[in-house]
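> Terminal number for the sequence shown in our numbering: 593, no gaps in between.
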Amino acid sequence: MGKREKRDILPGIKRNVFFLGLVSLFTDVSSEMIYPLVPIFLTAVLGTPVAIVGLIEGIAESTASLLKTFSGWLSDRYARRKPFVLGGYSLSALGKLLLSVAFVWPVVLAARFVDRLGKGIRTSTRDALIADETDVAHRGRAFGFHRAMDTAGAVIGPVIALFLMAALKEQYRLIFLLAFFPAALGVGLLFFFVKERMRVGSLQAGEVPRLELAGFDKSFKLLLLIIIVFGLGNSSDAFLILRAKDLGLSATLVVLAYVLYNIVYAAFAMPAGILSDRVGRKRLMVGGLLIFAMVYFAFALASKAIYVWPLFAIYGFYIAMTEGVGRALVADIVSSERRGTALGLYHTAVGLTTLAASLIAGLLWTYIGAFAPFIYGGAMSLIASLMFIAIMPEL
Numbered sequence: 199m200g201k202r203e204k205r206d207i208l209p210g211i212k213r214n215v216f217f218l219g220l221v222s223l224f225t226d227v228s229s230e231m232i233y234p235l236v237p238i239f240l241t242a243v244l245g246t247p248v249a250i251v252g253l254i255e256g257i258a259e260s261t262a263s264l265l266k267t268f269s270g271w272l273s274d275r276y277a278r279r280k281p282f283v284l285g286g287y288s289l290s291a292l293g294k295l296l297l298s299v300a301f302v303w304p305v306v307l308a309a310r311f312v313d314r315l316g317k318g319i320r321t322s323t324r325d326a327l328i329a330d331e332t333d334v335a336h337r338g339r340a341f342g343f344h345r346a347m348d349t350a351g352a353v354i355g356p357v358i359a360l361f362l363m364a365a366l367k368e369q370y371r372l373i374f375l376l377a378f379f380p381a382a383l384g385v386g387l388l389f390f391f392v393k394e395r396m397r398v399g400s401l402q403a404g405e406v407p408r409l410e411l412a413g414f415d416k417s418f419k420l421l422l423l424i425i426i427v428f429g430l431g432n433s434s435d436a437f438l439i440l441r442a443k444d445l446g447l448s449a450t451l452v453v454l455a456y457v458l459y460n461i462v463y464a465a466f467a468m469p470a471g472i473l474s475d476r477v478g479r480k481r482l483m484v485g486g487l488l489i490f491a492m493v494y495f496a497f498a499l500a501s502k503a504i505y506v507w508p509l510f511a512i513y514g515f516y517i518a519m520t521e522g523v524g525r526a527l528v529a530d531i532v533s534s535e536r537r538g539t540a541l542g543l544y545h546t547a548v549g550l551t552t553l554a555a556s557l558i559a560g561l562l563w564t565y566i567g568a569f570a571p572f573i574y575g576g577a578m579s580l581i582a583s584l585m586f587i588a589i590m591p592e593l
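Here it is, written out as structure tokens:
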């Protein structure tokens with residue numbers, strides 16, 4: 199048995215990738231125990247205006263998006279990934295702890311800011327570490343495994359939160375405190391079990407990677423352009439939830455439909471990654487964007503609540519086919535010494551366009567109708583898929 203195989207805990211999944219998957223699993227259990235409860239805690243317990251709730255989430259998510267490029271570049275600059283990943287996960291765990299002592303909304307803002315600050319620092323560097331650890335023939339499998347573990351946490355977390363809400367009679371701060379422990383476990387696993395190896399790149403001695411788009415080749419720039427076009431139509435999943443409610447689903451059933459989406463995503467993320475290793479990333483990305491367009495057009499035309507269930511399930515296939523595969527595609531295109539910066543630019547583009555798309559979707563919903571954001575989003579996805587076919591080279 200060769201040296202490479204000895205480092206594989208699962209076929210094509212090396213030790214570091216496996217433990218990074220576990221870290222994401224426990225961190226997402228923690229995050230999803232909290233995330234659905236924070237808006238309720240703010241409005242029902244602290245009496246915070248809805249506008250402030252939106253401000254808190256906007257600041258938190260914008261911070262994360264903007265930091266992803268800078269942290270990725272720093273990890274290229276110093277040729278180290280783990281310190282940034284560890285620092286990011288540690289900050290997110292601290293944010294959960296801070297929530298447990300929140301008695302006024304500015305403390306919640308601080309907690310969410312610290313949590314998303316951690317996400318902004320860790321995301322690009324963690325993805326770069328996964329790419330560094332994996333050869334190109336198994337890169338889709340590795341990213342698919344990681345997304346599956348992360349999403350499994352997104353399924354488990356809300357279930358635990360629902361149980362704790364019933365058992366603890368809505369003691370929000372105690373639930374927030376309990377959510378700290380899986381996050382802390384994730385940090386411990388990362389510290390003790392993820393070992394970063396020295397990387398050898400093609401930069402000349404003393405040369406520093408620049409934080410600029412000009413240094414990347416045409417393929418990466420084209421990919422970024424396509425992602426921006428698609429992202430401008432890909433609004434927050436909150437609009438899917440609102441549409442499900444608008445079609446007549448109860449709040450409880452909407453949550454269950456969202457859990458169904460996450461189950462499909464978790465189940466098919468790794469198979470989609472493996473398929474991308476075999477048939478190419480481009481085909482999976484195009485297929486995923488076409489599925490997105492179909493789901494959005496169907497949500498625009500849907501007239502009965504029963505349609506929500508198959509549409510949420512099919513939406514899970516879209517995300518499984520694009521989320522990990524897109525990251526693997528970036529890693530394929532860009533050399534290892536600039537990979538952190540590239541993944542940072544990719545994540546920042548996704549995050550900022552989602553914010554813009556959500557603003558557009560809100561205006562379309564308000565001034566035209568509930569169907570309008572989905573016609574717009576489906577059309578943008580169709581355009582992006584055609585751009586993929588027409589201008590993105592096969593790799």
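Virtual Cβ for every residue (Gly too), placed ideally from N, Cα, C.
Once DSSP output is grouped into helix, strand and coil, what is the label at D325?
D325 falls in the helix class under three-state DSSP.
> Could you give the DSSP three-state label for I566: helix, strand or coil?
Residue state, collapsed to three classes: coil.
> Considering only their Cβ atoms, is the gap separating T552 from S434 smaller than 8 Å?
A contact, by the Cβ cut-off of 8 Å.
> Would you check if there are 3 or more beta carbon pairs closer than 8 Å linking the segment 352-359 to the segment 288-307?
At 8 Å Cβ cutoff, the stretches do not touch.
> Pick out whichever of A442, L327, L409 and I439 has its Cα sitting closest to the Cα of E394.
Ranking the options by Cα distance to E394, first place goes to L327.
> How about the segment 415-435 and the segment 570-582: do they share at least three Cβ pairs that are nearer than 8 Å?
As far as the Cβ criterion goes, the segment 415-435 touches the segment 570-582, which means the pair count is three or higher.
> Helix, strand or coil for L272? Go by DSSP, reduced to three states.
Reduced to three states, the DSSP call for L272 is helix.
> When you compare the segment 253-260 with the segment 523-543, are there three or more beta-carbon pairs, one atom per stretch, that lie closer than 8 Å?
These segments do not touch.
> In three-state terms, what does DSSP make of K367?
In the structure shown, K367 sits in coil (DSSP, three-state: anything other than H, G, I, E or B).
> For the segment 466-486 against the segment 336-345, are there 3 or more C-beta pairs whose distance is under 8 Å?
Touching, yes, given that three or more Cβ pairs across the two stretches are closer than 8 Å.
> Between the alpha carbons of E592 and K480, how many angstroms are there, rounded?
Straight-line Cα distance between these residues: approximately 7 Å.
> Reducing DSSP to helix, strand and coil, say where K393 ends up.
In the structure shown, K393 sits in coil (DSSP, three-state: anything other than H, G, I, E or B).
> Can you name, in chain order, every residue of its own chain whose Cβ lies under 6 Å from the Cβ of G351, other than the five neighbours on each side?
The residues are L223, D226 and V227.
> Would S448 be called buried (16 or more neighbouring beta carbons within 10 Å of its own) or exposed?
S448 is exposed by the Cβ-count criterion.
> Would you call the segment 377-390 and the segment 246-254 in contact, with 3 or more CB pairs under 8 Å?
The answer is no - the segment 246-254 does not touch the segment 377-390, with fewer than three Cβ pairs under 8 Å.
> Does the distance from the C-beta atom of R600 to that of A329 stay below 8 Å?
Shown here, the chain extends from 199 to 593; a query on residue 600 therefore has no answer.
> Would you tell me roughly how many angstroms separate the C-alpha atoms of A555 and I566, rounded to the nearest one?
Using only the alpha carbons, I get a separation of about 16 Å.
> Under the three-state reduction of DSSP, which class applies to D206: helix, strand or coil?
Reduced to three states, the DSSP call for D206 is strand.
> Which stretch, first to last residue, makes up the alpha helix (DSSP H) that contains K480?
Counting along the chain, the alpha helix (DSSP H) containing K480 begins and ends at R479 to L499.
> Which of the three DSSP states is assigned to K502 in this structure?
Here K502 sits in coil by DSSP.
> Pick out the complete alpha helix (DSSP H) segments inside the segment 240-265, 4 residues or longer, and give them in chain order.
For the segment 240-265, not a single whole alpha helix (DSSP H) run of length 4 or above is found.
> To the nearest whole angstrom, what separates the beta carbons of T267 and T450, a pair I think is in contact under 8 Å?
With 8 Å as the limit, T267 and T450 do not qualify as a contact, their Cβ atoms being about 39 Å apart.
> Taking Cβ to Cβ, would you say A262 is nearer than 8 Å to G318?
Taking 8 Å as the Cβ cut-off, A262 and G318 qualify as a contacting pair.
> Between which two residues does the alpha helix (DSSP H) containing S222 stretch?
Element bounds for S222: R213 to I232.
> Mapping the DSSP letters down to three states, classify F282 as helix, strand or coil.
Reduced to three states, the DSSP call for F282 is helix.
> Alpha carbons only, please: which of V392, L499, L240 and F239 is nearest the one belonging to G219?
Comparing Cα positions, the closest option is V392.
> Would the segment 286-295 and the segment 502-517 be scored as touching if the rule is three or more Cβ pairs under 8 Å?
No, the segment 286-295 does not touch the segment 502-517.
> Once you ignore the five residues that flank F490 on each side, which residues in its own chain have a CB closer than 6 Å to its CB?
Excluding sequence neighbours, F490 sits near Y516 and S579.
> Does the beta-carbon of A436 have 16 or more other beta-carbons within 10 angstroms, so that it is buried, or is it exposed?
Under this definition A436 is an exposed residue.
> Using only CA atoms, which one of L543, A503 and A500 lies nearest to F414?
Considering only alpha carbons, the answer is L543.
> Cβ atoms of I439 and Y459: under 8 Å apart, would you say?
Result no, Cβ atoms of Y459 and I439 do not sit closer than 8 Å.
> Buried or exposed for K502, please, with buried defined as at least 16 other CB atoms from any protein chain shown within 10 angstroms of its CB.
By the 10 Å Cβ count, K502 comes out exposed.
> DSSP on G446, reduced to helix/strand/coil?
In this structure, G446 counts as coil in the three-state DSSP scheme.
> Look up F301 in the DSSP assignment and say whether it is helix, strand or coil.
In the structure shown, F301 sits in coil (DSSP, three-state: anything other than H, G, I, E or B).
> Only counting the same chain, and skipping five residues up and downstream in sequence, which positions put a Cβ closer than 6 Å to that of Y494?
Same-chain partners within the cutoff: F572, G575 and G576.
> Within its chain, find whatever has a CB closer than 8 Å to the CB of A511; leave out the 5 residues flanking it on each side and keep chain order.
Once the five neighbours on either side are set aside, the close Cβ partners of A511 are L458, Y459 and V462.
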